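Everything below concerns the one structure shown next.
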Amino acid sequence: WELGGRGTRNNIVSTPVIYDNKVFIGVGQDPEHGEGDGHLWAIDATGTGDVTKTGVVWHFGGKDFKRTMSTVSIKDDLLFTADLSGYVYCLDLKTGKMHWKYDTFAAIWGSTMVVDGKVYVGDEDGDVAVIEASKEFKMLYEVNMGSAVYTTPVAKDGVLYVGTRNTLFAIAQSE
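Each residue of the sequence shown is one higher than the last, beginning at 1284 in the working numbering.
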């Protein structure tokens, strides 16, 4: 630990996700501490006792993944996540192997959200990206909301809610 975030140690800032008897968790630091090496772990949730050495299913991190505050989202054996450096990742759920990586060119404080076969993610520049939830990268749409998106987009009853620094948008599909 080094004051100001220069060290390589991280905190659990994101919410763990439990799926298929595994815990998926990323680690990071306060965004004000800047970029640094991060880690995303898949841990066997059926173990008991100290599982430090025996519980790791896979690990994605170091130079490949930076600090994160994002909670992962899962769909069809694919795991989607983002790091503070502005990258969105699609990983194989079982192995942690990367299928693709997308650079938003802005910090990401929120999480990915998957709904209706699409991955939604906002960034500090105010952009919301809509990406096909598949092994192949395909950008479906990107829109600037006019102010930083520090939150995770949320969908309910056919409406997508996006909170920016100063506005809450409710976007419904037109008939």
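Beta carbons: idealized from backbone N, C-alpha and C, even for Gly.
In this text, all values refer to a predicted model and were calculated from it rather than measured experimentally.
Local conformation of residue i per DSSP, three classes
i: E1425; result: strand
i: E1415; result: strand
i: Y1433; result: coil
i: L1376; result: coil
i: F1420; result: coil
i: G1446; result: strand
i: V1355; result: coil
i: L1361; result: strand
i: L1367; result: coil
Close beta carbons around residue i, own chain, < 6 Å, minus the five adjacent residues each side
i: Y1418; result: Contrary to the premise, residue 1418 reads as Lys rather than Tyr in this sequence. Cβ within range, chain order: H1382.
i: T1329; result: N1304
i: A1438; result: V1398
i: V1402; result: F1363, T1395, I1414, A1416
i: V1426; result: V1411
Residue closest to residue i, alpha-carbon to alpha-carbon, out of the options
i: G1369; options: V1404, G1309, E1315; result: V1404
i: V1355; options: I1308, F1420, N1449; result: I1308
i: V1296; options: Y1444, A1455, S1394; result: S1394
i: G1441; options: D1347, Q1456, S1430; result: Q1456
i: K1346; options: E1318, A1390, T1331; result: E1318
i: I1301; options: N1294, G1311, D1327, V1310; result: D1327
i: K1349; options: F1452, N1294, P1299, G1311; result: G1311
i: V1306; options: V1339, N1449, L1451, A1365; result: V1339
9 Å Cβ cutoff met for residue i and residue j
i: W1392; j: M1352; result: yes
i: M1422; j: A1412; result: yes
i: D1399; j: V1432; result: no
i: Y1444; j: P1436; result: yes
i: T1434; j: D1406; result: no
Contacting residues, own chain, Cβ-Cβ under 7 Å from residue i (five flanking each side not counted)
i: W1341; result: A1325, T1378, G1379
i: G1344; result: D1320, G1321, H1322, L1323
i: V1397; result: S1356, K1358, F1363, A1416
i: T1298; result: T1354
Residues near residue i by beta carbon distance below 8 Å, same chain, minus five either side
i: L1361; result: C1373, L1374, D1375, L1376, H1382, A1416, S1417, K1418
| Entirely enclosed beta strand (DSSP E) segments - the region 1291-1350, minimum 3 residues | 1300-1302, 1305-1310, 1320-1327, 1339-1349
| 3 or more residues per run - each beta strand (DSSP E) lying fully within the region 1381-1411 | 1381-1386, 1396-1398, 1401-1405
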